[in-house]
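Quick note, the sequences are listed as chains A and Y, same order.
For the first sequence, numbering that gives the first Met the number 0 gives the first residue as 0, with consecutive numbering after it.
For the second sequence, numbering that gives the first Met the number 0 gives the first residue as 0, with consecutive numbering after it.
What follows is a short report on a single structure.
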Amino acid sequence: MPAAPSRAPCANHPDRPGRALCMTCKKVVCQECATQWEGINYCVLCLAGQRQAVRTKTTSLGYLPVLGAIAFLLWASARLMVWVNVVAASFS
Amino acid sequence: MTWRSIGLVGVLDESFAVARRAAPWIGLLWLTALPARLLGVRLEYAAHALGATAADHGDYLISLGYAAALALPLALYGRLVFVRACARALRSGVCPGLDTLRVPPAAAACYLYAALLVEVLFYATGLALVTVPVLVVFAGLAAATAERCERPGLIHPLREILRACTHGRLLAALVFVFATALLLAEINFYFGLRGALWLAEAAGPFDAARWEHALRPATWWVAQVPYPEQKLPALLLESAATAAVEPFWLAALVVYVQQLWTKESGEDLSRRFELLRAGEAA
Chain A
0 MPAAPSRAPC ANHPDRPGRA LCMTCKKVVC QECATQWEGI NYCVLCLAGQ
50 RQAVRTKTTS LGYLPVLGAI AFLLWASARL MVWVNVVAAS FS
Chain Y
0 MTWRSIGLVG VLDESFAVAR RAAPWIGLLW LTALPARLLG VRLEYAAHAL
50 GATAADHGDY LISLGYAAAL ALPLALYGRL VFVRACARAL RSGVCPGLDT
100 LRVPPAAAAC YLYAALLVEV LFYATGLALV TVPVLVVFAG LAAATAERCE
150 RPGLIHPLRE ILRACTHGRL LAALVFVFAT ALLLAEINFY FGLRGALWLA
200 EAAGPFDAAR WEHALRPATW WVAQVPYPEQ KLPALLLESA ATAAVEPFWL
250 AALVVYVQQL WTKESGEDLS RRFELLRAGE AA
């Protein structure tokens, strides 16, 4: 029966009905305790852990490979664009 | 967004409403895409005009290619802003404000990388034609999933695109619907131009011969197809039709991706329970 999860109370506020499931620790939480991040429900503690993990990983150096790839792909797309049009023109 | 399973009609219905709500941002999408579109048309027309001697004019064509490639980041930024506007319009139900322009740097970098990779694959395999529908879907999904990229990376944006491809049949149906829409838009634009030409001729002295020549329909076997025979008007017509259909295509992909994420997060079940409780209470 789909109504079953609504009977479980919030893990932090036993007097409140559970409205969401934290997708990390699988605790049932109420509307106030649940936060969506990247489209996924988290409880307060798990959300803080996720955010901290992202902060520690992201540095400005992390952009270097992406920016290098973008520069290369821009160059390659210009060359390929010309190549495709020249080949198509020679067939037409 | 209300609870429902992901389906073609639902996605199309919702995407029309979302595109209407985010309508002011369509102007930005068109404006930012204009330089890349016109330079692309210029390059294609130049190569076509040169024909078999195109390979002898490499420097000229490569300079056009670089100009068109350098216009791409602006076009992609406009696309990303429009997609953000659609996502916000879907969540809030109103037209989003100017803060939509402030795209997070990580999402912008990841999107630029993924979109350019798809662009390169498009040109590398475009002559085969088979890969075109798949790459068109990837290009749209790259924009629709960009907001999930909270840190720069080379793998994460591609993984998000592939994760969003779970409903292959629905995506194929969307491609078919929008390819038909593109064809209909081109035919409508063509007859619209011919109608305008006819009205201009009827209104007074107007040298229509040149325009008649430009818009002369192509002959295919014995039938005259509603499409200009001349290359430049045909390319411009294609660009105009693409610009007309693109906002709805992007809105449809945003709705699809948001519905997918809603299902993944369990939010759809939460909405379903609310509806059931409301039904029981009534």
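Virtual Cβ for every residue (Gly too), placed ideally from N, Cα, C.
It should be emphasised that the depicted structure is a prediction, and the values quoted were computed from it without experimental measurement.
Same chain, Cβ closer than 7 Å to residue i, five either side skipped, listed in chain order
i                 : result
Val254 of chain Y : Val10, Glu13, Ser14, Val17, Leu89
Gly125 of chain Y : Val131
Cys45 of chain A  : Cys21, Thr23, Cys24
Pro225 of chain Y : Ile186, Tyr189, Phe190, Pro216
Tyr41 of chain A  : Cys21, Met22, Thr23, Thr34, Gln49
Ala233 of chain Y : Tyr226, Pro227
Ala2 of chain A   : Caution is warranted here: a pLDDT of 38 is assigned to Ala2 of chain A, below 50, making its placement in the model unreliable, and no coordinate value can be reported.
Glu31 of chain A  : none
Pro53 of chain Y  : Note that residue 53 of chain Y is Ala in the sequence shown, not Pro. Taken in chain order, the residues that qualify are Ala46, Leu60.
Leu27 of chain Y  : Gly77, Val80, Phe81
Leu75 of chain Y  : Tyr110, Leu111, Ala114
Contact with chain C by residue i, beta-carbon distance below 8 Å
i                : result
Pro64 of chain A : Among the protein chains of the structure shown, namely A and Y, there is no chain C.
Of the listed residues the options, nearest to residue i (C-alpha basis)
i                 : options                                : result
Thr99 of chain Y  : Y:Arg87, Y:Ala108, Y:Cys109            : Y:Arg87
Leu111 of chain Y : Y:Leu97, Y:His56, Y:Ala145, Y:Leu134   : Y:Ala145
Arg101 of chain Y : Y:Ser91, Y:Leu120, Y:Leu79             : Y:Leu79
Leu192 of chain Y : Y:Leu214, Y:Asp206, Y:Ala208, Y:Pro95  : Y:Leu214
Leu73 of chain Y  : Y:Leu30, Y:Phe175, Y:His212            : Y:Leu30
Leu97 of chain Y  : Y:Cys148, Y:Ala21, Y:Ala48, Y:Gln257   : Y:Ala21
Ala114 of chain Y : Y:Ala45, Y:Leu71, Y:Glu237             : Y:Leu71
Leu60 of chain Y  : A:Phe71, A:Asn84, A:Ser59              : A:Asn84
Leu163 of chain Y : Y:Gly50, Y:Ala138, Y:Ala32             : Per the sequence presented here, residue 163 of chain Y reads as Ala, with Leu not at that position. Selected option, being the one with the closest Cα: Y:Ala138.
Trp82 of chain A  : Y:Ala105, Y:Val82, Y:Phe121            : Y:Phe121
Glu118 of chain Y : Y:Val133, Y:Pro104, Y:Ala107, Y:Ala105 : Y:Val133
Val86 of chain A  : Y:Cys94, Y:Pro34, Y:Ala123, Y:Ala108   : Y:Ala123
Thr261 of chain Y : A:Val28, A:Gly38, A:Asp14              : A:Gly38
Arg18 of chain A  : A:Ala10, A:Asn11, A:Val28              : A:Val28
Ala105 of chain Y : Y:Arg147, Y:Val93, Y:Ala84, Y:Ser91    : Y:Arg147
Ala32 of chain Y  : Y:Ala242, Y:Leu259, Y:Leu275           : Y:Ala242
Met80 of chain A  : Y:Ala35, Y:Cys94, Y:Pro95, Y:Ala108    : Y:Ala35
Val174 of chain Y : Y:Arg19, Y:Cys94, Y:Ala51, Y:Val135    : Y:Val135
Val93 of chain Y  : Y:Arg276, Y:Ala207, Y:Arg19, Y:Thr179  : Y:Arg19
Leu259 of chain Y : Y:Glu159, Y:Ala184, Y:Leu182           : Y:Glu159
Cβ shell of residue i (< 8 Å), same chain only, five flanking positions each side left out
i                 : result
Phe177 of chain Y : Val244, Phe247, Trp248, Ala251
Gly6 of chain Y   : Leu169
Leu116 of chain Y : Leu157
Leu37 of chain Y  : Ser238
Pro4 of chain A   : With a pLDDT of only 47 at Pro4 of chain A, under the threshold of 50, the placement of this residue in the model should not be trusted, and no figure is reported.
Cβ shell of residue i (< 6 Å), same chain only, five flanking positions each side left out
i                 : result
Trp210 of chain Y : Leu196
Phe205 of chain Y : Ala199
Thr1 of chain Y   : Caution applies to Thr1 of chain Y, whose pLDDT of 48 falls short of 50 and renders its modelled position unreliable; the value that the coordinates give is listed next. Nothing meets the Cβ criterion.
Leu49 of chain Y  : His56
Met0 of chain A   : Per-residue confidence for Met0 of chain A stands at a pLDDT of 35, beneath the threshold of 50, marking its modelled position as unreliable; the derived number appears in the next sentence. Cβ neighbours of Met0 of chain A beyond the five flanking positions: none.
Ala7 of chain A   : Gly17, Val27
Trp24 of chain Y  : Phe81, Ala84
Arg15 of chain A  : Cys9, Cys29
Any non-hydrogen atom of the ligand COA closer than 7 Å to residue i Cβ
i                 : result
Leu161 of chain Y : As for the ligand COA, it is missing from this structure, which has no ligand bound.
Checklist entry - Along the segment 18-44 of chain A, what residues have a CB closer than 8 Å to any CB found in chain Y? => result Arg18, Ala19, Leu20, Met22, Gln35, Glu37, Gly38, Ile39, Asn40
Checklist entry - For the segment 147-170 of chain Y, which residues have a CB atom closer than 8 Å to at least one CB atom of chain A, in sequence order? => result Arg147, Glu149, Arg150, Pro151, Gly152, Leu153
Item to check | Three or more C-beta pairs below 8 Å linking the segment 31-51 of chain Y and the segment 61-76 of chain Y | outcome: yes
Checklist entry - What residues in the segment 221-243 of chain Y bring their beta carbon closer than 7 Å to a beta carbon of chain A? => result none
Checklist entry - Counting only runs that start and end within the segment 133-172 of chain Y, where is the alpha helix (DSSP H) found for 4 or more residues in a row? => result 155-162
Checklist entry - Mind listing which residues of the segment 77-89 of chain Y have their C-beta closer than 9 Å to chain A's C-betas, in chain order? => result none
Item to check | Cβ pair count under 8 Å reaching 3, the segment 162-176 of chain Y against the segment 227-241 of chain Y | outcome: no
Next on the checklist: Output needed in chain order: residues of the segment 20-47 of chain Y with a Cβ under 7 Å from some Cβ in chain A.
Outcome noted: Leu42, Glu43, Ala46, His47
Item to check | Members of the segment 119-144 of chain Y that neighbour chain A once the beta carbon cut-off is set at 9 Å | outcome: Val119, Phe121, Tyr122, Ala123, Gly125, Leu126
Item to check | Residues, ordered as in the chain, of the segment 90-113 of chain Y that lie near chain A by beta-carbon distance below 9 Å | outcome: Pro104, Ala105, Ala108, Cys109, Leu111, Tyr112
Checklist entry - When you check each C-beta in the segment 66-79 of chain A against every C-beta of chain Y, which residues fall closer than 8 Å? => result Leu66, Ala68, Ile69, Leu72, Leu73, Trp74, Ala75, Ser76, Ala77, Arg78, Leu79
Next on the checklist: Does the structure place the segment 146-158 of chain Y close enough to the segment 63-72 of chain A that three or more beta carbon pairs sit under 8 Å?
Outcome noted: yes
Next on the checklist: Runs of 3 residues minimum, wholly inside the segment 15-65 of chain A: which ones carry the beta strand (DSSP E) assignment?
Outcome noted: 34-36, 39-41
Checklist entry - Counting pairs of beta carbons, one from the segment 72-90 of chain A and one from the segment 132-142 of chain Y, are three or more of them closer than 8 Å? => result no
Item to check | Uninterrupted alpha helix (DSSP H) stretches inside the segment 173-247 of chain Y (no shorter than 4 residues) | outcome: 208-213
Next on the checklist: Output needed in chain order: residues of the segment 245-261 of chain Y with a Cβ under 8 Å from some Cβ in chain A.
Outcome noted: Gln257, Trp260, Thr261
Checklist entry - Could you give the uninterrupted runs of the alpha helix (DSSP H) lying entirely in the segment 22-55 of chain Y, keeping only those of 4 residues or more? => result 23-49
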